[in-house]
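What follows is a short report on a single structure.
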Amino acid sequence: MKRVAILCGGPGSEHEISCLSAGGVLSAINRSEYEPLLIGITREGTWMALPLDYPLALENGSLPSVSGDFPEVIRGVDGLTVGATSMSIDVIFPVLHGTYGEDGQLQRDLDLLGIPYVGSGAVASELAMDKSDAKSYFSAAGIAIAPSVTLTEFEWKKNSEAVTKSIEPLGLPLFVKASRGGSSRGTVKVKELTSFAAAMEEALSFDSKVLIESAITGAEVECAVLEIDGNLRASIPGKVWIDPHYEFYDYQAKYLDGATRIDIPAPFGAEVIEKIQKFALTAFTAIGAKGLARVDFFVTPDEKIIINEINTMPGFTRTSAYPKMWQATGIGYSELISHLIKSALQAG
Numbered sequence: 012m013k014r015v016a017i018l019c020g021g022p023g024s025e026h027e028i029s030c031l032s033a034g035g036v037l038s039a040i041n042r043s044e045y046e047p048l049l050i051g052i053t054r055e056g057t058w059m060a061l062p063l064d065y066p067l068a069l070e071n072g073s074l075p076s077v078s079g080d081f082p083e084v085i086r087g088v089d090g091l092t093v094g095a096t097s098m099s100i101d102v103i104f105p106v107l108h109g110t111y112g113e114d115g116q117l118q119r120d121l122d123l124l125g126i127p128y129v130g131s132g133a134v135a136s137e138l139a140m141d142k143s144d145a146k147s148y149f150s151a152a153g154i155a156i157a158p159s160v161t162l163t164e165f166e167w168k169k170n171s172e173a174v175t176k177s178i179e180p181l182g183l184p185l186f187v188k189a190s191r192g193g194s195s196r197g198t199v200k201v202k203e204l205t206s207f208a209a210a211m212e213e214a215l216s217f218d219s220k221v222l223i224e225s226a227i228t229g230a231e232v233e234c235a236v237l238e239i240d241g242n243l244r245a246s247i248p249g250k251v252w253i254d255p256h257y258e259f260y261d262y263q264a265k266y267l268d269g270a271t272r273i274d275i276p277a278p279f280g281a282e283v284i285e286k287i288q289k290f291a292l293t294a295f296t297a298i299g300a301k302g303l304a305r306v307d308f309f310v311t312p313d314e315k316i317i318i319n320e321i322n323t324m325p326g327f328t329r330t331s332a333y334p335k336m337w338q339a340t341g342i343g344y345s346e347l348i349s350h351l352i353k354s355a356l357q358a359g
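Structure (structure tokens):
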């Protein structure tokens, strides 16, 4: 039986969401095929061997996190050890989102262990996480992108007035985004130029590089990509529905308030659905992703499809959009987890 280390937590701002995702994977992994082990990474970066009954669910409105006094997991060229004993891990399932989890840092750490892991490698993860860099790859692959400007903290501090003037052609409203932020943290919707400076400061508190984009009027649509036996498949896409009192699909609306739902299938004709699926696969290939990804698009009223971003380790709870889209496409949660582990083992 293969031993699967489910990895969660980490120093990033999506620590708690990662714990929820790990709880989902742990509850659904096929235990007749795989023996799960749970490894938590504290906010400070310590790796710990957690018991399988460690609380990883939302309780009384509180999100789970990794803390406490548990045996430290030591990383080395011989893999993972606790004390002087090898954990004998066959494959790692890292369900970390955003900073550290999806930006290539964790993947570089995992590469040093020589143990296969689920999902994209370091280079593709880093590229996907940097929204401005990824956009140039998507555009080169023939996918439409929103008009945008990329700025560094240095450029903003040097001459904020000139920067404010330079973004006027983008029109209003616009979005100011931390280029390498996750889960919409560091993303601000700007309706008036007077609030642009505050939006820049907010985004720069998350990253030293900021992407400023024209707001696209249209439906937010997501499509899941999965690698099965070396072949890529795109799911039935879903349309994100957001409670009208939220300005956009922000962190709170995504995770904390139950203010969003995803309608699957997205309410479009077969031709638009097929295009979304085709573009999702194109985006996945363009950045060299592996295993899985969720690709997010806008579909305008005249049915133009514009890519927003790609997530190389999307939310993975039972109620997350990624598993839901596969459920609608005919692949259940437990089966999805098995496909991902098999792909990682084949690639490794």
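Here the working numbering is used: the first residue of the sequence shown is 12, the next is one more, and so on.
Just so it is clear, CB atoms sit at the ideal spot from N, CA and C, and this is done for glycine as well.
Counting along the chain, the unbroken alpha helix (DSSP H) around D122 starts and ends at 116-124. When the five nearest sequence neighbours on each side are left out, the beta carbons in the same chain lying within less than 8 Å of the beta carbon of L181 are those of P158, S159, V160, I223, E224, S225, in order along the chain. D114 counts as buried, since at least 16 other C-beta atoms from the protein chains shown sit within 10 angstroms of its C-beta. Here E172 carries a helix assignment [DSSP, helix/strand/coil].
In this chain, I103 is not harboured by any alpha helix (DSSP H); it is covered by the beta strand (DSSP E) spanning 102-105. In the three-state scheme derived from DSSP, where H, G and I count as helix and E and B as strand, I156 is classed as strand. Per DSSP, L204 lies in no beta strand (DSSP E) and is assigned neither H nor E.
Less than 8 Å separates the beta-carbon of I40 from that of I348. Take L31, set aside five residues on each side of it, and the residues of its chain with a beta-carbon closer than 6 Å to its own are T328, in chain order. For M59, the uninterrupted beta strand (DSSP E) run begins and ends at 58-61, by DSSP.
Looking at the DSSP output, A304 sits in a beta bridge with V236.
The alpha carbon of K220 has as its nearest neighbour, out of C234, D144, G229, the alpha carbon of D144. When the alpha-carbon of F186 is set against those of E213, A235, Y111, the nearest one is in E213.
The three-state secondary structure of Y148, taken from DSSP, is helix. Nearest to G132 by C-alpha distance, out of V174, F295, R14, N319, is F295. For N322, the pairing in a beta bridge is given by DSSP as R305. Remark: fewer than three beta-carbon pairs, one from each stretch, lie closer than 8 Å, so the region 334-346 and the region 165-180 are not flagged as touching. Bridge pairing for K250: V232, D274 [DSSP].
Taking a cut-off of 8 Å for Cβ pairs, the region 228-237 and the region 200-210 do not touch, as fewer than three such pairs fall below it. Bounds of the beta strand (DSSP E) holding A245 are 242-245.
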